[in-house]
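Reviewing the structure listed below.
Numbering (full-length UniProt numbering), first residue to last: 1 to 531.
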């Protein structure tokens with residue numbers, strides 16, 4: 001792109017110009033005006049974020065910590081932009097992130113179109129997909145007739161022996177094919193041009209359907225989990241961008257970084273994130289557009305949602321104070337709710353009346369294991385070792401998880417309301433028997449559980465060694481994901497002596513748990529029996 005082609009928008013995105021200043025008190029700003037809310041129940045921080053996004057000229061970042069109703073806010077923002085007669089392209093890094101918005105937007109009866117292969121879309125959004133709309137529109141009916149005529153001609157070729165007649169049919173087919181392609185293209189472009197809201201994945205926005213299409217605003221959801229290169233696909237067709245996400249949770253997964261040197265002491269699964277951070281110079285794919293713009297233009301281009309509707313106040317307190325400047329507030333409806341208050345009958349026990357439990361395995365009786373430390377003579381163990389490399393596991397800690405899950409289920413908590421998460425795949429393999437014992441329970445890696453929530457979450461930290469090595473457990477964004485999944489109960493199981501040595505953040509977390517959680521020291525005899 002020659003410099004003469006740079007728009008003001010492009011200049012801001014590359015830091016060649018500063019973004020237009022947004023006034024602090026937006027309620028009084030004449031440009032935003034008195035907003036008539038579609039959903040009047042929005043909280044003040046959600047309303048402030050929407051005003052900010054409407055008032056931003058080139059770029060606006062919406063910072064949505066866990067459980068703060070980010071998608072709900074985006075739906076209201078889209079509806080407000082439509083009232084201003086603007087054309088919007090809504091994108092996300094995955095099909096599920098885009099489908100989620102389509103599902104919530106559809107009841108508002110706005111003219112929308114979802115681009116993407118029907119096989120990859122949720123059944124509930126298929127009626128809004130381009131494929132279905134081209135078949136059900138009037139222009140689509142004509143395309144269908146031409147297709148039927150082509151099929152009839154194709155069938156008549158097989159019956160015709162005469163060479164001259166065949167040539168005539170082929171000539172007709174050639175004309176029909178050309179007409180079919182032109183009509184189909186016209187049908188698609190008319191549908192897309194007539195739609196005020198187009199939704200697609202970031203990659204999908206680069207398809208032929210949107211070639212030469214222009215939009216007033218591009219909204220990128222889950223922007224902190226998208227590669228910057230992906231984001232540029234839709235950005236080139238826009239005059240303004242609103243990026244929503246949480247840069248304090250995990251970034252996109254990068255399997256190969258531009259680092260030549262390998263850290264031998266770490267497993268393959270633990271390299272990547274922080275292991276190569278020190279050796280990689282210059283930008284990496286892990287730096288998202290959200291991160292880069294924030295570093296470039298500072299907090300003036302960002303607004304944060306501050307009321308969360310997921311976690312009990314005590315579960316929320318540490319991530320709020322350490323990562324979100326103490327700004328998170330628990331909504332009245334969730335701040336005191338416990339497992340014993342679930343809408344079905346749950347007995348009040350020590351496990352169901354405490355929102356935050358820390359089972360501290362310090363003392364060295366619950367040591368971690370490398371998969372390769374186990375008996376390689378056994379084929380099963382060898383296969384496991386090949387699968388998980390040097391990933392860590394902790395059998396005794398797994399026994400504590402089983403014991404705690406049993407306690408919850410016996411008190412009446414349904415297994416489908418419980419999740420067990422751990423940073424290590426080898427530990428997931430050790431915990432696999434839980435699925436047979438408690439059908440419906442969910443097991444997952446911390447990375448795979450981002451964006452999810454459960455009533456009760458048990459986090460197995462695994463690491464327990466005299467050296468105080470914590471590996472990629474030291475990544476605070478990974479821990480942030482782990483500690484913000486539960487609604488009513490968070491149980492952390494780990495060795496505080498080992499974990500404390502990992503980083504200041506980990507030491508602060510352990511100190512917080514010792515002070516604020518229901519602190520328990522496991523009985524080794526009962527655990528050995530469980531194992």
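Glycine residues also receive a C-beta, built at the ideal position from the N, C-alpha and C atoms.
Spatially closest choice to residue i from the options, by CA coordinates
| i | options | result |
| --- | --- | --- |
| residue 333 | 342, 327, 326 | 342 |
| residue 26 | 177, 52, 519 | 52 |
| residue 518 | 117, 349, 240 | 349 |
| residue 105 | 93, 118, 127, 119 | 127 |
| residue 191 | 134, 309, 299 | 134 |
| residue 337 | 231, 464, 313, 294 | 313 |
| residue 520 | 160, 212, 354 | 354 |
| residue 464 | 447, 88, 502, 67 | 502 |
| residue 458 | 500, 468, 445 | 445 |
| residue 232 | 110, 23, 93, 346 | 93 |
| residue 65 | 234, 364, 304 | 304 |
| residue 121 | 468, 107, 102, 433 | 102 |
| residue 395 | 181, 430, 423, 364 | 430 |
| residue 246 | 148, 439, 71 | 71 |
| residue 21 | 402, 497, 298 | 298 |
| residue 523 | 397, 441, 485, 427 | 397 |
| residue 54 | 293, 88, 185, 67 | 88 |
| residue 321 | 505, 290, 200, 209 | 505 |
| residue 499 | 109, 67, 513 | 513 |
| residue 10 | 497, 80, 289, 415 | 289 |
| residue 151 | 123, 131, 180, 125 | 180 |
| residue 81 | 182, 1, 38 | 38 |
| residue 424 | 432, 178, 462 | 462 |
| residue 83 | 36, 67, 123, 95 | 36 |
| residue 427 | 440, 460, 202 | 460 |
| residue 8 | 510, 124, 235 | 235 |
| residue 563 | 441, 251, 132 | The requested residue 563 is not part of the displayed model; the chain covers only 1 to 531. |
| residue 132 | 325, 184, 525, 368 | 184 |
Residue i and residue j closer than 8 Å at C-beta
| i | j | result |
| --- | --- | --- |
| residue 306 | residue 323 | no |
| residue 443 | residue 435 | yes |
| residue 527 | residue 400 | yes |
| residue 221 | residue 391 | no |
| residue 187 | residue 143 | yes |
| residue 230 | residue 450 | no |
| residue 405 | residue 438 | yes |
| residue 295 | residue 311 | no |
| residue 287 | residue 19 | no |
| residue 413 | residue 470 | no |
| residue 196 | residue 111 | yes |
| residue 284 | residue 315 | no |
| residue 244 | residue 226 | no |
| residue 485 | residue 452 | yes |
| residue 91 | residue 168 | no |
| residue 482 | residue 421 | yes |
| residue 411 | residue 351 | yes |
| residue 209 | residue 130 | yes |
| residue 228 | residue 292 | yes |
| residue 69 | residue 344 | no |
| residue 416 | residue 448 | no |
Counterpart residues of residue i in DSSP-defined beta bridges
| i | result |
| --- | --- |
| residue 63 | 245, 304 |
| residue 520 | 359 |
| residue 419 | 442, 457 |
| residue 493 | 359, 460 |
| residue 486 | 454 |
| residue 370 | 392 |
| residue 329 | 307 |
Requested in this report: Check whether the stretch 356-371 touches the stretch 491-500, taking contact to mean three or more Cβ pairs, one atom from each stretch, closer than 8 Å.
Outcome: These segments touch.
Query raised in the report: Which runs of the alpha helix (DSSP H) fall wholly inside the stretch 175-210 and span at least 4 residues, in chain order?
Result: Counting only unbroken stretches of 4 or more residues, no alpha helix (DSSP H) element lies wholly within the stretch 175-210.
Query raised in the report: Three or more beta-carbon pairs under 8 Å between the stretch 67-79 and the stretch 166-185, yes or no?
Result: Touching, no, given that fewer than three Cβ pairs across the two stretches are closer than 8 Å.
Requested in this report: Would you be able to state if there are at least three C-beta pairs under 8 Å between the stretch 43-62 and the stretch 147-160?
Outcome: The stretch 43-62 and the stretch 147-160 do not touch, with fewer than three beta-carbon pairs separated by less than 8 Å.
Query raised in the report: So, do the stretch 216-235 and the stretch 107-116 have three or more beta carbon pairs nearer to each other than 8 Å?
Result: In short, these stretches do not touch, since the Cβ pair count stays below three.
**Report entry** Entirely enclosed beta strand (DSSP E) segments - the stretch 452-480, minimum 3 residues
**Finding:** Whole beta strand (DSSP E) segments, 3+ residues: 454-460.
Query raised in the report: Is it a yes or a no for the stretch 160-170 touching the stretch 237-249, going by three-plus beta-carbon pairs under 8 Å?
Result: The stretch 160-170 vs the stretch 237-249: no contact.
Query raised in the report: Does the stretch 57-73 come close enough to the stretch 181-191 to have 3 or more Cβ pairs within less than 8 Å?
Result: No: the two stretches stay apart, fewer than three of their Cβ pairs being nearer than 8 Å.
Query - Every unbroken beta strand (DSSP E) within the stretch 211-239, with a cutoff of 3 residues, ordered by chain - result: For the beta strand (DSSP E) assignment, the uninterrupted runs of no fewer than 3 residues enclosed by the stretch 211-239 are, from N- to C-terminal side, 217-220.
Query raised in the report: Quick one: complete alpha helix (DSSP H) runs, 4+ long, within the stretch 55-120?
Result: Correct list: 70-83, 95-105.
Query raised in the report: Which parts of the stretch 122-162 are runs of the alpha helix (DSSP H), unbroken and 4 residues or longer, counting only runs that do not cross its ends?
Result: Runs of the alpha helix (DSSP H) inside the stretch 122-162: 130-136, 138-159.
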